[in-house]
Amino acid sequence: MARLAGWVAACVGLPVVLGAALGRAWTASGVAVAIAATAWLLLWLPRAAHAAFEAARYAPAARRYRLIAALAFTAVRERAAVLSRAACDVAAGRHDAAERTLARFDGAALDAAERVTWLNNRACVALETGG
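If you're matching positions, the sequence shown starts at 6 in my numbering and goes up one per residue.
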């Protein structure tokens, strides 16, 4: 929740600072930037990460998932992004990196969708490495 509070503070603070420093007209610009940044984070970035993964562009997908995890408002969203980064590592043949990432999770503590993704990534690593 601290990240969400920081994001909200930045989105509220930007128009206030711009308005105070540059005039009332800049307040609207600050609001527009805050709205655009929020739409980018919540809508465009996840879709772009998924599209890059589907197009077998694993490095850009992993970078986008890393950014999603860093800016995630909730632990669930952060875990989903980290599991998706592990899938990028599996698909790119970086099995050691994927195993390290997946080892950080306790399967029993994950919800059903996360556990399915975690098990699927682990199974893909095992199939590809013969383990």
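Where is the CB? At the ideal position from N, CA and C, for every residue including glycine.
Keep in mind that this is a model prediction, so the values were computed, not measured.
Check                                                                                                                                          : Outcome
Measure from the alpha carbon of Ala-60 to the alpha carbon of each residue in Leu-76, Leu-47, Ala-97 and Trp-49, then state which is nearest. : Ala-97
Skipping 5 residues on each side, what residues in its chain have a beta carbon closer than 8 Å to that of Gly-112?                            : Arg-120, Trp-123 and Leu-124
Helix, strand or coil: how does DSSP classify Leu-115 here?                                                                                    : coil
Give a yes or no on whether the C-beta atoms belonging to Ala-103 and Ala-91 are separated by under 9 Å.                                       : yes
Could you give the first and the last residue of the continuous alpha helix (DSSP H) run that contains Thr-32?                                 : 29 to 44
Taking Arg-157 as part of the alpha helix (DSSP H), name the residues at either end of that continuous run.                                    : The displayed coordinates of the chain run from 6 to 136. Any statement about residue 157 would go beyond what the structure contains.
Buried or exposed: which applies to Ile-40, given that a residue is buried once 16 or more other Cβ atoms fall within 10 Å of its Cβ?          : exposed
The alpha helix (DSSP H) spanning Arg-82 covers which residue range?                                                                           : 80 to 96
CB-CB under 8 Å to Arg-84, same chain, minus the five flanking residues each way: which ones, in chain order?                                  : Phe-110, Leu-115 and Glu-119
Below 9 Å between beta carbons: does that hold for Val-13 and Gly-35?                                                                          : no
Answer with buried or exposed for Leu-168, where buried requires no fewer than 16 other C-beta atoms within 10 angstroms of its C-beta.        : Residue 168 lies beyond the stretch modelled for the chain, which goes from 6 to 136, so this question has no answer here.
Rounded to the nearest angstrom, what separates Glu-133 and Leu-76 at their Cα positions?                                                      : 32 Å
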